[in-house]
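The sequence shown lines up with residues 1 to 400 when you count with the UniProt record's numbering.
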Amino acid sequence: MFEQLTQQEISFFKSKTMIQLALELSSKAEVRNAIEYFTKSVPGLHLRLKGTRVEHFTGPVKLYTIPDQYKTLQDAAFFTSTFCTPEYSESFASLGYNDSKIVLNIQHRYSDGGYFKFLVDNYGNPPSSLTKIPKSSNLVFKDEISSSPTVPQLPYDERLTRFFSHDKIPQKIEDERDQFITHFMAAKEFKNYDPVKNSPKSYSESLWLANYFAASAQENHLFPSFGISTFVDLRQFMKTKYDFGNCAHIASVTPYSIINPNMKLSDVAREMRNDLTRQLNEGYQFGHAKSTFSTKDPIPGIWLEITNMGPLKIKPPIKDAWASLTMKNLGRELTSLMTFSVIDGDRNDVVTRFRYSPHVLSRKEATRMAESINYFLRNVSFDRTVASVYDEIKSIYKQL
Numbered sequence: 001m002f003e004q005l006t007q008q009e010i011s012f013f014k015s016k017t018m019i020q021l022a023l024e025l026s027s028k029a030e031v032r033n034a035i036e037y038f039t040k041s042v043p044g045l046h047l048r049l050k051g052t053r054v055e056h057f058t059g060p061v062k063l064y065t066i067p068d069q070y071k072t073l074q075d076a077a078f079f080t081s082t083f084c085t086p087e088y089s090e091s092f093a094s095l096g097y098n099d100s101k102i103v104l105n106i107q108h109r110y111s112d113g114g115y116f117k118f119l120v121d122n123y124g125n126p127p128s129s130l131t132k133i134p135k136s137s138n139l140v141f142k143d144e145i146s147s148s149p150t151v152p153q154l155p156y157d158e159r160l161t162r163f164f165s166h167d168k169i170p171q172k173i174e175d176e177r178d179q180f181i182t183h184f185m186a187a188k189e190f191k192n193y194d195p196v197k198n199s200p201k202s203y204s205e206s207l208w209l210a211n212y213f214a215a216s217a218q219e220n221h222l223f224p225s226f227g228i229s230t231f232v233d234l235r236q237f238m239k240t241k242y243d244f245g246n247c248a249h250i251a252s253v254t255p256y257s258i259i260n261p262n263m264k265l266s267d268v269a270r271e272m273r274n275d276l277t278r279q280l281n282e283g284y285q286f287g288h289a290k291s292t293f294s295t296k297d298p299i300p301g302i303w304l305e306i307t308n309m310g311p312l313k314i315k316p317p318i319k320d321a322w323a324s325l326t327m328k329n330l331g332r333e334l335t336s337l338m339t340f341s342v343i344d345g346d347r348n349d350v351v352t353r354f355r356y357s358p359h360v361l362s363r364k365e366a367t368r369m370a371e372s373i374n375y376f377l378r379n380v381s382f383d384r385t386v387a388s389v390y391d392e393i394k395s396i397y398k399q400l
């Protein structure tokens with residue numbers, strides 16, 4: 001059984017984008033159970049690239065031992081992605097494990113954050129039969145894509161806010177992958193916190209605004225408008241119940257707002273939320289699937305992106321969880337704020353990861369922006385004006 005790919009789909013593999021779901025388990029026996037669960041559930045472990053098509057294979061999955069020195073889930077995921085990623089002609093996924101941890105390392109085309117959540121929610125209950133070829137978004141949402149508005153590819157989207165590096169970028173970069181700056185926060189540490197739900201309030205709005213002020217500080221002026229690429233999980237728009245065969249269904253939209261210094265943050269947040277809702281109602285999330293890349297030069301500058309996986313709600317035998325992404329550094333003109341949380345009883349720990357290409361942004365600039373975002377999330381309420389918050393964030397940025 002196979003899936004024929006277009007040249008545009010094949011080009012997606014050039015970035016070598018792999019994502020990792022790492023779980024800490026209660027015993028060695030539970031690790032063995034986890035290997036069995038993933039093997040029976042995840043199609044990507046049984047897929048490989050043959051020429052211009054993806055085919056299902058019946059051989060054993062790629063299994064690797066994680067050395068003892070990789071103590072944390074983050075380290076275990078790094079090891080598995082770095083040393084245990086097979087050639088795509090062999091498999092699109094692998095499993096790394098030791099006595100207490102397991103890592104699913106899989107090509108992003110065959111898994112996304114929503115799928116990781118689904119795997120955790122249904123842990124220990126594999127499907128009665130393995131899906132041979134995952135259900136692509138182009139097929140699942142064929143009608144929606146056909147009737148969707150025409151949207152530009154992100155490098156040509158004029159609504160996206162763009163900033164620039166002002167440091168000298170080294171010509172030679174040692175690490176071939178995109179880089180990350182990671183922060184850990186308990187939900188209660190957010191300035192906008194809901195104690196009843198034990199979770200941040202207006203979370204997407206907080207991520208949007210944090211990026212707006214970080215980019216403004218980087219450019220040393222306020223932007224008169226703001227647009228940011230925002231990934232959404234398309235499963236919410238399915239007409240049928242999704243399952244283990246719905247492995248990757250994500251798309252980007254660009255919420256946008258005109259901004260003036262006297263506006264309150266709550267007003268900007270409302271404008272952007274309303275614009276996002278309008279676009280989703282009009283089907284913009286399906287537009288990229290039918291848009292083609294332009295032969296023109298991209299719009300200059302680095303655009304911003306957020307992608308929130310949401311909560312991984314763990315329960316025994318799972319003791320902890322981690323999610324990450326690795327991809328080849330192709331000099332992308334964007335930064336991406338990737339987030340998820342781990343919920344276990346009263347625990348709700350949020351992870352934010354600021355991803356950037358060292359070919360387009362220096363480590364110092366990336367650190368300043370990531371720290372400015374973190375400061376905003378911890379300290380800024382929505383009842384303040386844009387001007388007052390900008391002065392504060394700019395001061396923090398310059399101290400770093």
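Note that CB positions come from ideal geometry on N, CA and C, so glycine has one too.
R355 sits away from S381, with the two beta carbons spaced by 9 angstroms or more. Residue range L73 to F83 is occupied by the alpha helix (DSSP H) that includes F79. For the options D68, R48 and D167, the alpha carbon positioned closest to that of S362 is the one of D167. Collapsing the DSSP output to three states places E371 in a helix. Apart from the 5 residues on each side of it in sequence, M338 sits with its Cβ closer than 7 angstroms to the Cβ of T307, L325, R353 and R355 in its chain, given in chain order. Measuring C-alpha to C-alpha distances from L25 to each of D320, D346, S229 and L104 identifies D320 as the nearest. Secondary structure of R177 (DSSP, three-state): strand. In this structure, L49 sits near S89, with a CB-CB distance shorter than 9 angstroms. Residue environment: K117 is assigned as buried (16 or more neighbouring CB atoms within 10 Å of its CB, all protein chains considered). K191 and N379 have their C-alpha atoms spaced approximately 5 angstroms apart. With a threshold of 16 other beta carbon atoms within 10 Å, M1 falls short and is exposed.
T85 places its beta carbon less than 9 angstroms from that of N105.
Counting C-beta atoms within 10 angstroms of its own C-beta, F38 has 16 or more neighbours from the protein chains shown and is therefore classed as buried.
In this structure E87 does not touch F286 by the C-beta definition: roughly 33 angstroms separates them, more than the 8 angstroms allowed. The beta strand (DSSP E) runs of length 3 or more contained entirely in the region 249-312 are, from start to end of the chain, 250-253 and 256-258.
Sequence-distant partners of L160 (beyond 5 residues in either direction) whose C-beta falls short of 8 angstroms from its own C-beta, in its chain, are L154, G227, I228, S229, T254, I299, W303 and L304. Note that the region 233-244 touches the region 107-126; at least 3 beta-carbon pairs, one per stretch, sit closer than 8 angstroms. Secondary structure of T39 (DSSP, three-state): helix. Between the alpha carbons of N348 and D297 lies a gap of roughly 43 angstroms.
Proximity to S357 across I19, K135 and I181 peaks at I181, based on C-alpha coordinates. Per DSSP, the beta-bridge partners of E55 are F2 and R48. In its chain, beyond the 5 residues on either side, A217 have a beta carbon closer than 7 angstroms to the beta carbon of K394. Here the alpha carbons of G51 and A366 stand approximately 38 angstroms from one another. Remark: C-beta atoms of A269 and E176 do not approach each other more closely than 9 angstroms. Cβ-Cβ distances below 8 angstroms link A215 to T161, F163, F223, L304 and M369 in the same chain, with the five nearest sequence neighbours on each side left out; the list follows chain order. Inclusion of L23 and I133 in the CB contact set at 9 angstroms is not warranted, their separation being larger than that value. Rounded to whole angstroms, the gap between the alpha carbons of Q69 and A76 is 9 angstroms.
When only Cα atoms are considered, S257 and I19 end up about 32 angstroms apart.
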